[in-house]
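Sequential numbering of the sequence shown, starting at 60, is according to our numbering.
Every residue, glycine too, gets a C-beta built ideally from N, C-alpha and C.
In this text the structure is predicted, and so the values were computed from the model without any measurement.
Heads up, the thing below is written out as structure tokens.
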Amino acid sequence: MGSDPIFTSDSFRDMKIVSLCPSLTELVFDLGHGNELVGRTKFCIHPADRVGAVEKVGGTKNPKIDRIIDLAPDIVLLNEEENRREDAEALERAGVRCHVSFPHTALETAEMVRSIAAAIDARDQGERIARDIETRHARVKRAAAGRSPVRFAYLIWREPWMTVNGDTFVSALLGDAGGQNVFATRVDRYPAVTPEELAAVEPDVVLLSTEPFPFKASHADELAGLSGVARERMQIVDGELLSWHGSRTPAGIDYAERVIAAAGDLAQAGRHPPP
60 MGSDPIFTSD
70 SFRDMKIVSL
80 CPSLTELVFD
90 LGHGNELVGR
100 TKFCIHPADR
110 VGAVEKVGGT
120 KNPKIDRIID
130 LAPDIVLLNE
140 EENRREDAEA
150 LERAGVRCHV
160 SFPHTALETA
170 EMVRSIAAAI
180 DARDQGERIA
190 RDIETRHARV
200 KRAAAGRSPV
210 RFAYLIWREP
220 WMTVNGDTFV
230 SALLGDAGGQ
240 NVFATRVDRY
250 PAVTPEELAA
260 VEPDVVLLST
270 EPFPFKASHA
280 DELAGLSGVA
290 RERMQIVDGE
300 LLSWHGSRTP
310 AGIDYAERVI
320 AAAGDLAQAG
330 RHPPP
């Protein structure tokens with residue numbers, strides 16, 4: 060699996076694009092080429108007012124390979140984690156050009172944006188988004204440098220409770236803002252943890268993501284009761300802003316900073332209660 064991003068403008072007259080990753084579908088629209096999308100997954104929901112016009116070609120893990128081939132796209136955009144290697148290989152065997160990406164950090168996301176933008180002849184728009192990511196990333200890193208780290212756990216699933224290790228995009232985004240992932244050293248990227256294990260690592264804040272599991276306040280109540288971690292340390296957070304890499308990343312960087320700053324204020328108040 061690999062990417063082949065360098066093409067000439069002439070190569071992409073009447074280009075047809077298929078995207079098999081929700082954040083990449085959104086990126087194509089934000090690069091100004093949404094009208095060239097001929098296929099997307101059922102999970103590609105943004106931009107809500109435009110994506111409905113694009114044909115669904117299955118899911119991220121079970122795309123309709125034959126239908127994609129029939130659409131004769133000039134390029135298919137995939138993500139190494141969201142999509143399966145065997146599907147990319149099947150498309151490539153059929154002569155379909157694939158661009159596969161897997162950014163782990165904000166800065167890698169900026170490079171991914173440039174690569175995809177080059178592949179679909181949208182370099183100017185891609186450079187604008189990439190520079191925005193880099194500028195916000197630098198600002199947030201500078202602001203976090205003088206603050207005490209905020210110890211966080213980020214949960215993505217219930218039954219079993221699952222978190223993220225340090226080799227994940229969301230962990231890096233929160234880390235850039237001054238967060239410290241209490242499960243960073245776990246071997247699995249998405250390890251299962253027990254409420255007892257959560258309590259033992261003593262996080263300043265437990266972040267419950269709205270996706271892939273749609274955590275709600277009732278789940279925070281449940282976890283607080285099971286773990287003994289104070290309910291006020293449980294926070295529901297926007298999973299799309301924190302885990303979608305692409306044109307949503309600039310807003311995600313700022314959002315991560317707000318999340319960590321709020322958690323830091325709470326932790327500081329807990330360490331130094333009023334007299």
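{"Check": "Meets three-Cβ-pair contact criterion under 8 Å: the region 173–182 and the region 197–204", "Outcome": "no"}
{"Check": "Under 7 Å between C-beta atoms of A236 and A153", "Outcome": "no"}
{"Check": "Sufficient close CB pairs (3 or more, under 8 Å) joining the region 129–145 to the region 77–87", "Outcome": "yes"}
{"Check": "Through-space distance from I312 to V110, alpha-carbon basis", "Outcome": "24 Å"}
{"Check": "Simplified DSSP state of Y213, which is helix, strand or coil", "Outcome": "strand"}
{"Check": "Separation of R248 from D263, as counted between CA atoms", "Outcome": "21 Å"}
{"Check": "Buried versus exposed, by CB contacts within 10 Å (16 or more), D69", "Outcome": "With a pLDDT of 40 at D69, under the threshold of 50, the modelled position of this residue cannot be trusted; read the value that follows with caution. Exposed."}
{"Check": "Cβ-based neighbour list, F274, same chain, cut-off 8 Å, excluding 5 preceding and 5 following", "Outcome": "L214, R217, L267, S268, I295"}
{"Check": "Rounded straight-line distance, which links the Cα of A169 to that of A189", "Outcome": "4 Å"}
{"Check": "Same chain, Cβ closer than 7 Å to T308, five either side skipped, listed in chain order", "Outcome": "A165, T168, I192"}
{"Check": "Span of the beta strand (DSSP E) around G98", "Outcome": "96–99"}
{"Check": "Beta-carbon proximity list for H278, same chain, < 7 Å, skipping 5 on both sides", "Outcome": "R217, L267"}
{"Check": "Complete beta strand (DSSP E) runs within the region 222–280 (minimum length 3 residues, chain order)", "Outcome": "238–240, 264–268"}
{"Check": "Beta-carbon gap between V288 and A258 smaller than 7 Å", "Outcome": "yes"}
{"Check": "Bridge partners - Q184, DSSP secondary structure assignment", "Outcome": "Looking at the DSSP assignment, Q184 forms no beta bridge with any residue, so it has no partner."}
{"Check": "Classification of A231 by the beta-carbon crowding that lies within 10 angstroms, buried from 16 upward", "Outcome": "buried"}
{"Check": "Reduced DSSP secondary structure (H/G/I, E/B, other) of V116", "Outcome": "coil"}
{"Check": "Burial state of D37 (16 or more Cβ within 10 Å)", "Outcome": "Any question about residue 37 goes unanswered here, given that the chain covers just 60 to 334."}
{"Check": "Inter-residue spacing [alpha-carbon to alpha-carbon] between E148 and A204", "Outcome": "43 Å"}
{"Check": "Coarse secondary structure for S302, derived from DSSP in three states", "Outcome": "helix"}
{"Check": "T222 and V252 closer than 7 Å at C-beta", "Outcome": "yes"}
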